[in-house]
Amino acid sequence: MRMPTKARYGLRAMLDLAMHGGYEHPVLLREIASRQGLSERYLGQVFILLRNAGLVRTARGAKGGFMLSRPPGEIDLLEVVEACIGDLSMVECVRKRDFCGRADDCAARLVWEEVTRSMRGALAGKTLADLAGMQRRMMKETPTMYYI
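At position 13 of the sequence shown (counting the first as 1) the number is 25 in the numbering used here, and the numbers step up by one without a gap.
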């Protein structure tokens, strides 16, 4: 399975907010888009989903922008992904057991349930604060190139 673009961009945008003080003060959409190398228009659509899920709020005015609705340590990655794409179940019969009449007799469904549980667990087990910490460590480990 490939993670949809909306989920990937949503996670990058939320990480950007977490790393740039987006819980304490608003951050402009164009700044996030610029830092992340993303389309401002498309990112605006993603932020509508994040706002509808209650993960971000908006501040209007000259110093307006987007802010995290809760501290980064209280927002897990599963919330972000599911805000952008909906339920993360691998196949419909995992999400809705009565979707298929063979659900009780299908070994493949058991595998899809396991994959879904694993993916959901990995995302639910990490917060934006965890991800921001990982990003900061990676940035420190990246050597700076000096040219003469």
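For each residue, glycine too, the CB sits at the ideal point set by N, CA and C.
Beta-carbon contacts of residue i that lie in its chain and below 7 Å, excluding the five residues immediately before and after
i    : result
A144 : L27, A30, M31, P84
L41  : E52, L55, G56, F59, G77, F78
S81  : G66, L67, V68, R69
Proximity of residue i and residue j at Cβ, strictly below 8 Å
i    : j    : result
G34  : M79  : yes
A25  : L55  : yes
G98  : V39  : no
I60  : L140 : no
K138 : L89  : yes
W124 : V103 : yes
Exposure label - residue i; buried when at least 16 CB within 10 Å
i    : result
T70  : exposed
A120 : exposed
A74  : exposed
L62  : buried
L50  : buried
Residue i - DSSP class collapsed to helix/strand/coil
i    : result
M15  : coil
A65  : coil
V93  : helix
A119 : helix
D88  : strand
A136 : helix
A30  : helix
A71  : strand
G98  : coil
Y35  : coil
S51  : coil
Limits of the beta strand (DSSP E) - the one that residue i falls within
i   : result
L80 : 77 to 80
N- and C-terminal bounds of the alpha helix (DSSP H) containing residue i
i    : result
K152 : 140 to 153
C105 : 104 to 107
A45  : 41 to 48
Cβ-based neighbour list, residue i, same chain, cut-off 6 Å, excluding 5 preceding and 5 following
i    : result
A65  : A95
C112 : C105
Beta-carbon proximity list for residue i, same chain, < 8 Å, skipping 5 on both sides
i    : result
L100 : L90, V93, E94, T128, M131, R132, L135
Q48  : Y21, R24, A25, D28, L55
P16  : C96, I97
R14  : none
R148 : M31
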